[in-house]
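Residue numbers (our numbering), protein chains in the order written: chain G, -7 to 218; chain B, -7 to 218.
2 protein chains.
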Amino acid sequence: MSEPIENPPSDGLAEADAREVEPAPSWQDPATPLPQWTDLGGEVVHDSPWMSLTRHRATAPTGRTVDYGVVRPKSMATGVLPLHDDGTVTLVGQARFALGNYSWEMPEGGAPFGEDPFDGVRRELAEEAGLEARSWREAVRMELSNSITTERAVCWLAWDLRPVATAPDPTEVIAVARVPFMSLIAEIGRGAVRDSLTVATAYRAYHMAREGLLPGWLAHAMLTRV
Amino acid sequence: MSEPIENPPSDGLAEADAREVEPAPSWQDPATPLPQWTDLGGEVVHDSPWMSLTRHRATAPTGRTVDYGVVRPKSMATGVLPLHDDGTVTLVGQARFALGNYSWEMPEGGAPFGEDPFDGVRRELAEEAGLEARSWREAVRMELSNSITTERAVCWLAWDLRPVATAPDPTEVIAVARVPFMSLIAEIGRGAVRDSLTVATAYRAYHMAREGLLPGWLAHAMLTRV
């Protein structure tokens, strides 16, 4: 237990922004009041430049009061799947400390709150993959683990790619691979690519290619290149 | 700062299990040594029945040493998208404390380490959606946020459904909706369904329906019912 929370959590701005753009699905009855949790008070138990963890007493919609820990990352997770004209994609490989494994992913990085996530993801595409793109389309917006964290992600597809000089992050040793889009889909199915942003964005890219939501020549290359 | 870690983290078993089933993708050269992080030592700074947070000194593959906090949930995230014969799916709505919002999702829950995740997800399907299923297929396995957590998820598709009696969780007030599968896809595209497990599993279900990986009658119903 350490200092009480005197100000809104550092992701307060991002939460407010997000609420503005959170539509309700068509099947939710607008006349029915939504159940709510009540926060009885919290304190910061861990704080770093990347995240804080707060512990709360909170009353559930059922009336039951519990201790609730919330992990609050200080950035928006961003990612981009770079789609080459020939139906291949660029992926990056790196050692991940938390799980102690090696992970192949699309270029990703955290955009600190206050930075436009689109600026952040363009920087990651250059730093990690050595690419810039003239065409972008938003692919997915997700809440990554909504029972214990406030972490959000926004991911794009990008095409009309060209190489740019890279400037790697000082804690990253990055490998780069360029593989057919359908090989990425197959390796996700085998469990060889497991990063949630990459998994969701790759299947979303398949959906967009199949449903006419990407240029026809690009969708054709993605779905037929093996 | 509190007690040092004297034993492996409580998710050590799950991590060992996972490594056994983590294949490498076809493009990874088996002859090239993989870069690795070195853990110089850690301590538990937060511990609850649901997760711990450990703080480490760790040396990156580049040689740079940093402080690294790792969130370690004590369960495997599980979820199931219940596919009805008529091309509809059952979703559940609930208030989420961490983000302070209301979330529509497929039935989900944490399977504590030591419990078979498949037993856990069958329980959630009954408790949250009042359903049981005779046919199951694994859809996605993901690492939810691999730069700060060890959290993993495994999600299924289930069909041949029938109703069972429900026994709700004491902190959950659950709403249930049955909607066309393609309405779920559309609401994800609008940002009205944002849970990462649901997003990834829904697009994966679309991929499986399109690629002949589900029974033809079910795929037809999913893709045509509006």
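Backbone N, C-alpha and C define an ideal beta-carbon position, used for all residues, glycine too.
Could you compute how far the alpha carbon of residue i sits from the alpha carbon of residue j?
i, j, result
"residue 86 of chain B", "residue 26 of chain G", "8 Å"
"residue 68 of chain B", "residue 106 of chain G", "32 Å"
"residue 120 of chain B", "residue 172 of chain B", "19 Å"
"residue 183 of chain B", "residue 197 of chain G", "16 Å"
"residue 82 of chain B", "residue 98 of chain B", "7 Å"
"residue 100 of chain G", "residue 156 of chain B", "42 Å"
"residue 147 of chain B", "residue 181 of chain B", "20 Å"
"residue 15 of chain G", "residue 195 of chain B", "20 Å"
"residue 59 of chain B", "residue 64 of chain G", "17 Å"
"residue 33 of chain B", "residue 57 of chain B", "12 Å"
"residue 217 of chain G", "residue 174 of chain G", "7 Å"
"residue 17 of chain B", "residue 179 of chain G", "6 Å"
"residue 45 of chain B", "residue 142 of chain G", "16 Å"
"residue 84 of chain G", "residue 167 of chain G", "5 Å"
"residue 19 of chain B", "residue 165 of chain B", "46 Å"
"residue 88 of chain B", "residue 94 of chain B", "6 Å"
"residue 50 of chain G", "residue 206 of chain B", "42 Å"
"residue 35 of chain G", "residue 102 of chain B", "25 Å"
"residue 41 of chain B", "residue 161 of chain G", "36 Å"
"residue 190 of chain G", "residue 210 of chain G", "19 Å"
"residue 200 of chain G", "residue 76 of chain G", "15 Å"
"residue 212 of chain G", "residue 131 of chain G", "18 Å"
"residue -2 of chain G", "residue 52 of chain G", "Note on residue -2 of chain G: pLDDT 38, under 50, position unreliable in the model; the coordinate value appears next. Cα to Cα, residue -2 of chain G sits roughly 23 Å from residue 52 of chain G."
"residue 3 of chain B", "residue 66 of chain B", "Only weak support is given to the placement of residue 3 of chain B: the predicted model assigns it a pLDDT of 40, under 50, and the value that follows is read from those uncertain coordinates. For residue 3 of chain B and residue 66 of chain B, the distance between alpha carbons rounds to 6 Å."
Indicate whether at least one CB of chain G lies closer than 8 Å to the CB of residue i.
i, result
"residue 199 of chain B", "yes"
"residue 117 of chain B", "no"
"residue 37 of chain B", "yes"
"residue 216 of chain B", "no"
"residue 45 of chain B", "yes"
"residue 26 of chain B", "yes"
"residue 208 of chain B", "no"
"residue 132 of chain B", "yes"
"residue 74 of chain B", "no"
"residue 84 of chain B", "no"
"residue 59 of chain B", "yes"
"residue 23 of chain B", "no"
"residue 151 of chain B", "no"
"residue 128 of chain B", "no"
"residue 124 of chain B", "no"
Contact defined as beta carbons within less than 8 Å: I believe residue i pairs with residue j. What is the distance between those atoms, to the nearest angstrom?
i, j, result
"residue 54 of chain B", "residue 170 of chain B", "Incorrect: roughly 52 Å between the Cβ atoms, too far for contact."
"residue 135 of chain G", "residue 188 of chain B", "6 Å"
"residue 48 of chain B", "residue 21 of chain B", "So it is not a contact: roughly 29 Å between Cβ atoms."
"residue 108 of chain G", "residue 126 of chain G", "At roughly 18 Å, the Cβ-Cβ gap does not stay under 8 Å, so residue 108 of chain G and residue 126 of chain G are not in contact."
"residue 62 of chain G", "residue 140 of chain G", "7 Å"
"residue 118 of chain B", "residue 70 of chain B", "13 Å between Cβ atoms; not a contact."
Look up residue i in the DSSP assignment and give the residues it is bridged to.
i, result
"residue 96 of chain B", "B:85"
"residue 38 of chain B", "B:45"
"residue 33 of chain B", "B:49"
"residue 154 of chain B", "B:124"
"residue 65 of chain G", "G:43"
"residue 172 of chain B", "B:80"
"residue 71 of chain G", "G:100, G:147"
"residue 57 of chain G", "G:51"
"residue 197 of chain B", "Per DSSP, none; premise fails for residue 197 of chain B."
"residue 213 of chain B", "Answer by DSSP bridge pairing: none, since residue 213 of chain B is not bridged."
"residue 187 of chain B", "G:135"
"residue 167 of chain B", "B:85"
Does residue i get closer than 8 Å to chain B when you measure Cβ to Cβ?
i, result
"residue 204 of chain G", "no"
"residue 110 of chain G", "no"
"residue 107 of chain G", "no"
"residue 211 of chain G", "no"
"residue 159 of chain G", "no"
"residue 78 of chain G", "no"
"residue 121 of chain G", "no"
"residue 91 of chain G", "yes"
"residue 16 of chain G", "yes"
"residue 136 of chain G", "yes"
"residue 103 of chain G", "no"
"residue 148 of chain G", "no"
"residue 34 of chain G", "no"
"residue 49 of chain G", "no"
"residue 114 of chain G", "no"
"residue 141 of chain G", "yes"
"residue 63 of chain G", "yes"
"residue 183 of chain G", "yes"
"residue 53 of chain G", "yes"
"residue 81 of chain G", "no"
"residue 171 of chain G", "yes"
At what residue ranges does the segment 100 to 147 of chain G contain a whole run of the beta strand (DSSP E), taking only runs of 3 or more? Runs found: 100 to 104, 123 to 135.
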